[in-house]
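Asker:
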Amino acid sequence: MISFFKNLAEDLKSIYDRDPAARNWFEVILCYSGVHALIAHRFNNALWRCHLKTLARFLAQVSRWWTGIEIHPGATIGRRFFIDHGMGVVIGETTEIGDDVTLYQGAVLGGTSWSKGKRHPTLENNVVIGAHAVVLGPIIIGQDSKVGSGSVVIHDVPPHSTVIGIPGKVVHRRDENIPHAALEHGTLPDPFTEAINGLNERLKRLEEKMKSEV
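Rendered as structure tokens:
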């Protein structure tokens, strides 16, 4: 019970520190659906581990009705977890989430098979999943990685990577850690624009070469 409240205090402090819209602790506790869903999950997960699985599933369903966030009570979630906005977030049963992870609204951590074993993603520490991104299957999203909004990821992602697109492609690697929740959507690389620019440059060089040979 002590660890439950200790983890909860850490969760609340991390949300207050990481969301500039949070004006005070009372507002975080009262108005943040991600906080409500996380508090419910901490309790439901304890029931799940005590083999009170039907009760845990029922209370998780009540939490889903209340918050719009679906977290299976069997999911393992680390410390200082933050769901920003939250509506439409889905976290499957065998999902494993490390510390200091951030999910934005509509993010899905789903499975790709009907097997009873591990079938949902593992997110290592300090991972950021952008709005409406989908991460599917028993894959690993490496530490300090970012998944851009609307991406669909079906393969492992190396640590310190940025992934965007459908299917998700690694478009950037870095060696240093990133700040908590530092997903700057407007500054993510655009591989499609880069490819088109590359083709334009190549076409320009070919035109210049043809003119010089005339």
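Using our numbering, the letters of the sequence shown correspond one by one to residues 125 to 338. From the three backbone atoms N, C-alpha and C, an ideal C-beta is built for every residue, glycine too.
Is Gly235 helix, strand or coil by DSSP?
Answerer: On the sequence shown, residue 235 is found 111 positions in, with the first residue counted as 1. The answer is coil: DSSP assigns Gly235 none of H, G, I, E or B.
Asker: For a quick check, are the C-beta atoms of Thr286 and Leu247 less than 9 Å apart?
Answerer: The sequence position of residue 286 within the sequence shown is 162, counting from 1. The sequence position of residue 247 within the sequence shown is 123, counting from 1. Not in contact: Thr286 and Leu247 (Cβ atoms no closer than 9 Å).
Asker: Drop a sphere of 10 angstroms on the beta-carbon of Gly230, count the other beta-carbons inside from all chains shown, and report buried for 16 or more, exposed for fewer.
Answerer: Residue numbering aside, residue 230 sits at position 106 when the sequence shown is read from its first letter. That one is buried.
Asker: Apart from the five residues on each side of it in sequence, which residues of its chain come closer than 6 Å, Cβ to Cβ, to His304?
Answerer: The count along the sequence shown starts at 1 and reaches residue 304 at position 180. Reliability fails at His304, whose pLDDT of 48 lies under 50, so the model's placement of it is uncertain and the value that follows must be treated cautiously. The answer, listed in chain order, is Arg142, Asp224.
Asker: Assuming Gly266 contacts Val281 (C-beta within less than 8 Å), just tell me the rounded distance between them.
Answerer: Position 142 of the sequence shown, counted from the start, is the residue given in the question as residue 266. Position 157 of the sequence shown, counted from the start, is the residue given in the question as residue 281. Right, the Cβ-Cβ distance comes to about 5 Å (below 8 Å), so this counts as a contact.
Asker: Of the residues Gly322, Val271, Ile290, which one's Cα is nearest the Cα of Arg297?
Answerer: Looking up residue 297 in the sequence shown gives position 173. Nearest C-alpha to Arg297: Val271.
Asker: Let me know if Gly198 comes out buried or exposed under the rule of 16 or more other beta-carbons within 10 Å of its beta-carbon.
Answerer: Here residue 198 refers to the residue found at position 74 of the sequence shown. That one is buried.
Asker: How do the segment 180 to 200 and the segment 130 to 148 stand: do at least 3 beta-carbon pairs fall below 8 Å, yes or no?
Answerer: Touching, no.
Asker: For Thr286, list the residues DSSP reports as bridge partners.
Answerer: Along the sequence shown, read from residue 1 onward, the residue named residue 286 stands at position 162. Answer by DSSP bridge pairing, in chain order: Lys270, His296.
Asker: What are the start and end residues of the beta strand (DSSP E) that includes Ile207?
Answerer: One-based indexing of the sequence shown puts residue 207 at position 83. Per DSSP, Ile207 belongs to the beta strand (DSSP E) from 206 to 208.
Asker: Nearest-angstrom Cα distance between Leu183 and Glu325?
Answerer: One-based indexing of the sequence shown puts residue 183 at position 59. One-based indexing of the sequence shown puts residue 325 at position 201. Answer to the nearest angstrom: the Cα atoms are 58 Å apart.
Asker: Look up His304 in the DSSP assignment and say whether it is helix, strand or coil.
Answerer: Taking the sequence shown and counting its residues from 1, one reaches residue 304 at position 180. Residue confidence for His304 is low, a pLDDT of 48 falling below 50, so the modelled location carries little weight; the figure read from the coordinates is stated next. Looking at His304 - three-state DSSP - the assignment turns out to be coil, as it is neither helix nor strand.
Asker: Note the first and the last residue of the continuous beta strand (DSSP E) segment covering Thr226.
Answerer: For the purposes of this step, residue 226 is identified with residue 102 of the sequence shown, where counting begins at 1. 226 to 228 is the span of the beta strand (DSSP E), which, as asked, contains Thr226.
Asker: List the whole-angstrom C-beta distance separating Ala106 from Gly210, where the pair is believed to meet the contact cut-off of C-beta under 8 Å.
Answerer: Look at the range of the chain in this structure, 125 to 338, and you will see that residue 106 is not part of it.
Asker: Restricting to Cα atoms, I'd like to know which of Met334, Thr226, Arg166, Tyr156 is closest to Ser127.
Answerer: Here residue 127 is taken as the residue at index 3 of the sequence shown, counted from 1. Of Met334, Thr226, Arg166, Tyr156, the residue nearest in Cα terms is Arg166.
Asker: Give me the Cβ distance between Arg204 and Asp135, rounded to the nearest whole Å; I'm assuming they're in contact under 8 Å.
Answerer: Working through the sequence shown from its first residue, we reach residue 204 at position 80. Working through the sequence shown from its first residue, we reach residue 135 at position 11. Indeed, because the Cβ distance is near 6 Å, the residues count as touching under 8 Å.
Asker: Go through its chain and collect everything with a Cβ distance to Gly202's Cβ below 6 Å, but skip five positions before and after it.
Answerer: If you number the sequence shown from 1, residue 202 lands on position 78. Around Gly202: Ile221, Gly222, Asp223.
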